[in-house]
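Written out below as structure tokens is the structure these notes cover.
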Amino acid sequence: MAPNTEPQLYNRARKAYSSLQRERLVADCQAYLPAVLDGCPKACKKEAVPASAKDAETIKGLFPHTYDTPAVEFERDVEGAADANQSPVKVGVVLSGGQAPGGHNVIAGIFDSVKRWHKDSAMIGFLDGPHGVFSGNFVEISSEIMDGFRNTGGFDMLGSGRHKIETEEQFQNSMTVCQAIGLDGLVVIGGDDSNTNGAVLAEYFKAHGCKTKVVGAPKTIDGDLKCPPHIPVSFGFDTACKTFAGLVGNISVDALSAQKYYHLVRLMGRSASNIALEVALLTRPNMCVLGEEVSRDKKSLKDITADLADMIEDRSKAGKDYGVIVLPEGLIEFIPEFNSLISEINDKLATPGVAPTEEGVLAVLSAENAESFRYLPTFIRMQLLLDRDPHGNVQVAKIETEKLLAATIAAELEARREKGSYKGHFSPQFHSYGYEGRAGLPTIFDASYCYALGATAANLICSNLTGLIASVKNLLAPVKEWHCGGVPITSLCVIERRKGKDKPVIRKALVELGGDLSAPFKAYEAIRGELRLTDAYSIPGPMQFDMDTCPASKDIPLTLQLELGRPLPLMAPKGSAENMGGFLYIPQTVESRSEMQQWRMARQRQLPGALSEFTISAVEVREGATTMCFEHEQVIRKYFPLVNQPLVDISASDAKRSAPEGQAVGIVFCGRQAPGCHDLLCGLVDMMCSSPRSKVLGFVGGTKGLFNKQSIELTPEICKAYRGTGGLELLGRTVDRIGNPEEIENARKACEELKLTGLVLVGGARTNTDAAYLAEHFRVAQVKTAVIGVPCGIEGSMVNEFVEASLGFDSAAKTMAQLVGNTAIDGSSARKYYYFMKLMDGSSTGGKTPSSHVALEAALQTKPNLLLLTEEVDEKRLSLREVVKDVADVVALRARDGKNFGTVLVAEGLLAAIPEFRSLIQELEALPMPSPVEKVLPELTQWSRALFQSLPDFIQQQLLLERQSNKVLQLSQLETERLMAWLVEDELKQRKKAGGYSGGFSPVCQFLGYQARCSMPSDFDSDYAYSLGGAAAVLATTGRTGYMAVVSDLSRPVREWRVGGAPLTAMLRVNQAPTPDEVRWPRPMLFAARVDLEGAAWRSWCQVREACARDELYENPGPIQFSGPSASIVSTTIATRFSYMLELERLRKHLDDVSSRCRPGCDPRLVRVATRSLATLNAILNELSEPLTAVPPSEGTK
């Protein structure tokens, strides 16, 4: 069929932008233009040296018309102006292969340069990859279109594809299209295979007399398209690595905070370990396994396992049963037995008649490879047989190497335990990062490098050159001093075997273990021995775009710096570890922090007016209105006789009061990790330091540290190294519980022996419930320690009438939103995947359904196609089948418009909201875990047993895992997103059979949580935490026991925030469905707040959800910014929250106004109107506040 030769109507313009995207859109791209390209540069010919002398003749025979093309370097035109006789050019561009950040800037560089060449030049964009070239699917790119994508991530401007131009018909059609359009040039933006294909196309065009010149731009996040000195790095590598490094850094802080998990992180990079090495150099994990080294040393799976087990055993002897291990995605291909196995599987499955089944493959494999195949766990064998990639190779990205290694490590450690050499605990957590790094906002380096590459490619075409790939060098210098030119692709080619045939390809750049480019490996090799046992983690933090004040924003890739001669920054010494009751205290120094962290520490915090001087003597503490119990006061009084405590207001005082002296306040991190907790410590310490001879004691190891009296004195000098850092690494945490009599007694002893004036407990609803009961216990026992609660938790559910935000929510939600935004844009670029993304959220408390604040906030910031919200499912009582149907309906709706891609957000607690699943979970929680399936099934009711047996094996196994410390199911361990994708896929298959669906459905599942909960805090969380710390100090030193530190009016500027305290008793509620151990009087608790389905945040989502389902309204909020306009933006959930305290103040003002206007002597009509109106209002209020009175047990039932 003849290809189309007419342009299509462009319909892929972005319809929405985040604040940071808008900032980046208007950033001046001319700042990224090397001076040599300013004007009309001259192309100076240089000799091109072939990459392989032995393959040179073969390659020359394959490219007879273009092989002798010289390399060129551009020199600046001294006149710097276009020749008046220059004719307009028409240039096409195609995005080929996987996404890489910066592609849009390559296009921008081409666009601006051809317009600079001649104002009437035109640009054509081919849609969805090389297929668009030979089918004639293209659009004309206007300034308006181009300006909507500058400095943004993804390939969604045109879309990409992995097709290749291979058959004679495809080559002929490509030429027909290019000739019909009148293209002077075509730029292929792609990786090694795509650029090789571009060279073949250039050869075909030249051989057939087609005027269209073909040049390339080096793209791949894997970093394996690198041909020094011409191509020092491929674009996208820097952004992807910095994205991954930020996540690995967060994971490292998480490991230090809990000290109980080994985090195994698999990073994208199939054929080379470049990403893994770059990330390892940036973050310094305990170990990074490099595939190239495994191959060189012929390490077997057993060898790798033994090495990792040695490290884990050695760390365990040092009291460290935690760590971080980084693995490259393609590691399995480098293991000798697997390399041989995969290679043979690739060849055999390319043979007609070989079925991709275990039986089919085993029948044709060699005996040695068949034995290796049988040795593998079943799940790995299945992954080796999944669909091939377009090159016919095993999809290594789908092989869960980290789980394979964890299984072999666990077995090895158990063998050592039996021998008595290992006595530790190995608990792995798995992370796989890839798609979230392919479409993010490009770093300053990638934005600049890409624009320069595009401008270089355009000038190659304008210089009438073909078969070259753009080359930009001298990258250590400022952008204006970069060198630009082109090198013939054929000179970079070698002969490799692909799909059973010898073909010319650009040699993949692996990690070099020796030679001229081995500096990165040598640098890592020099430090890795120390990294095995020490916790020398480096935290790069989120990418920044402030080129004026943030030095790290302009960093080029670290491996590139090393290759170009810069040394690796030295590791600063850290404090020695001290074992404190089984938990390690490992103090950090300012010098040990990363460049980003040190820059962040210098930020000047913003303070509420009430705390402007931040000294105890400069504040006034006043009692406000008396509080009341919302309901069940009779029940609450059974546990807390002194209810109806007043609110406390902390305000600035002109009259300095004398600060109490010799105070000691302790602090415990009870709840889970959250950004901002270290700034809370800073606020508490700084405020306490304003009181003479006062101190703060931090309990190391959370509640267990409190019980064991394991504390350190926190000083401003210690806290200085933790300003603006994430996680809980300074003090750590263990179990969120101070509940049983023994624990309460241990807490009392610690407080009395250490003579604590106050004890600050930091956490969510469970923590603050314990704080309320501990305060009451201390009151009765006449313990002088004031117990103060602080609202904290990334889930955002420790909110109520008095508390507007949970510390850490803003940062964690923004971090997860960045990853959702990256992934959604990736989906709209590739246009073939459905991303199911589960977001870590609130666990249930007191038998209530979990909350979904994080999922909702991420949806509001990114506009995915679908949000599965726990509260909505619970409110509507949706069954599992109904939820699946809703998702499938959206997929089918989009398929009708030819959109077989999308993004679905899944709240972590979704399954607990589905009635039949909730019943199953409740039954399982009553059984001891872990347990085997055969032992559990007889204990279940008929309905729950049927549901359990209908579930896929992976969910069954996850439901039976070990429980949390509070004995409830760990919802984070359930792959809810994978289950939903599995069920939706099955539903769509049924619809397809019935003829009701004809689209494609390829799901990719991800879980977001651990990589966000220890992120560096946003400006909001940093200021909020510091203010909460100051408030907690004031409450503790003034004896306000049983109070929570409160900062409100958070939607206003920081200086207008209100600071005070609210009694925990006013926040208590009673569960109307008592648990079995609550015989008659249910226990009052603070409950995790659920998403308000009548609140402003949910209404905002409801207003756009239908449009989001149909269209791509994706916004990418990008990484958290610490300076610039985007830094001050507060999460929508917080910014739109109803201000209870502000409304109460308005009410009091209205009542005061009525009293003022109805004084003796006023018009009698005013009195009558006011009296009647207030009487009516009181009648309405009585109706709304009918108490749900609990009746005490009768004598006969006692």
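Going by full-length UniProt numbering, the first residue of the sequence shown is number 1, and it counts up by one from there.
Backbone N, C-alpha and C fix where the C-beta goes; we use that ideal spot for every residue, glycine too.
These figures come from a predicted structure and were not determined experimentally.
* Asked: Where does V354 sit, in a helix, a strand or coil, going by DSSP?
  -> coil
* Asked: For F155, which of helix, strand or coil comes out of DSSP?
  -> coil
* Pick out whichever of N579, V760 and L568 has its Cα sitting closest to the Cα of T594. => Reading the sequence as shown, one finds Ser at residue 594 and not Thr. Comparing Cα positions, the closest option is L568.
* To do: Report yes if the C-beta distance between W599 and A536 is below 8 Å; otherwise report no.
  => no
* To do: Mind listing, in chain order, the continuous alpha helix (DSSP H) runs of no fewer than 4 residues lying wholly within the segment 882 to 923?
  => 910 to 913
* Measuring CB to CB, does L979 end up less than 8 Å from P1003? -> no
* Asked: CA-CA distance, D810 and S576?
  -> 33 Å
* **Of the residues Q782, R116, E729 and N474, the one placed nearest R748, counting alpha carbons only** => The option with the nearest alpha carbon to R748 is Q782.
* **Nearest candidate by alpha-carbon position, reference T58, set G1124, V324 and K503** => The shortest CA-to-CA distance from T58 to any of G1124, V324 and K503 is the one to K503.
* Residue from I921, F836, G909 and L460 whose Cα sits closest to the Cα of V887 -> Residue F836 is the option with its Cα nearest to V887.
* To do: Assign G846 to one of two classes, buried (16 or more other C-beta atoms within 10 Å of its C-beta) or exposed (fewer than that).
  => Here G846 scores only 44 on pLDDT, less than 50, and its place in the model should not be relied on; the value that follows carries that caveat. By the neighbour-count rule (16 or more Cβ atoms within 10 Å), G846 is buried.
* **Sub-8 Å separation of V1046 and V803 beta-carbons** => In contact: V1046 and V803 (Cβ atoms closer than 8 Å).
* Alpha carbon to alpha carbon, how far is A859 from R1110? Give it in angstroms, no decimals. => 15 Å
* With C-beta atoms as the reference, is I304 less than 8 Å away from Y262? -> no
* Give the C-beta separation of I110 and V36 to the nearest angstrom, bearing in mind that I take them to be a contact with Cβ-Cβ under 8 Å. => 16 Å between Cβ atoms; not a contact.
* To do: Check S343 in the structure and name its three-state DSSP category.
  => helix
* Just checking my contact of F237 with I221 at CB under 8 Å: how many whole Å lie between their CB atoms? -> 6 Å
* Distance between beta carbons of V665 and G789, contact taken as under 8 Å -> Not confirmed; about 13 Å, so no contact.
* To do: Can you tell me which of the three DSSP states S811 falls into?
  => Taken through DSSP and simplified to helix, strand or coil, S811 comes out as helix.
* **Exposed unless 16 or more other CB atoms sit within 10 angstroms - verdict on N85** => exposed
* **Three-pair Cβ contact test at 8 Å for the segment 441 to 453 versus the segment 325 to 342** => no
* Among K419, D516 and D310, which has the Cα closest to the Cα of L533? -> D310
* Asked: Is Q973 closer than 8 Å to L961 when the C-beta atoms are compared?
  -> yes
* **From G97, A1066 and R1137, residue whose alpha carbon lies closest to that of A772** => It is A1066 whose Cα lies nearest to the Cα of A772.
* Please determine, among S257, D120, P1160 and K46, the residue with the shortest C-alpha to C-alpha distance to A674. => S257
* Enclosing beta strand (DSSP E) for C550 [first to last residue] -> Neither: C550 is in no beta strand (DSSP E) and is coded neither H nor E.
* Would you report the Cα separation of L158 and V289, rounded to the nearest angstrom? -> Each residue's alpha carbon lies about 37 Å from the other.
* beta strand (DSSP E) segment containing P791, residue limits -> A786 to P791
* Give the straight-line distance between the Cα atoms of A16 and G739, rounded to the nearest whole angstrom. => When rounded, the distance between both Cα atoms is 49 Å.
* To do: Check whether the Cβ atoms of A51 and R507 sit closer than 8 Å, and answer yes or no.
  => Yes, the Cβ-Cβ distance between A51 and R507 is below 8 Å.
* Asked: Just checking, does the segment 30 to 45 make contact with the segment 159 to 173 on the three C-beta pairs under 8 Å criterion?
  -> Contact annotation: the segment 30 to 45 does not touch the segment 159 to 173, with fewer than three C-beta pairs closer than 8 Å.
* Asked: Would DSSP call R1165 helix, strand or coil?
  -> helix
* To do: Give the secondary structure of T1189 by DSSP, where H, G and I count as helix, E and B as strand, and everything else as coil.
  => Residue placement at T1189 cannot be trusted, given a pLDDT of 44 that sits under 50; what the coordinates show is reported in the next sentence. Here T1189 sits in coil by DSSP.
* To do: Helix, strand or coil for C484, going by three-state DSSP, please let me know.
  => strand
* What whole-angstrom Cβ distance do T725 and M1016 have, given they're in contact under 8 Å? -> Going by Cβ atoms, the distance from T725 to M1016 rounds to 6 Å, so yes, they are a contact pair.
* Please report how far the alpha carbon of A509 lies from the alpha carbon of G808, in whole angstroms. => The straight-line gap from Cα to Cα measures roughly 41 Å.
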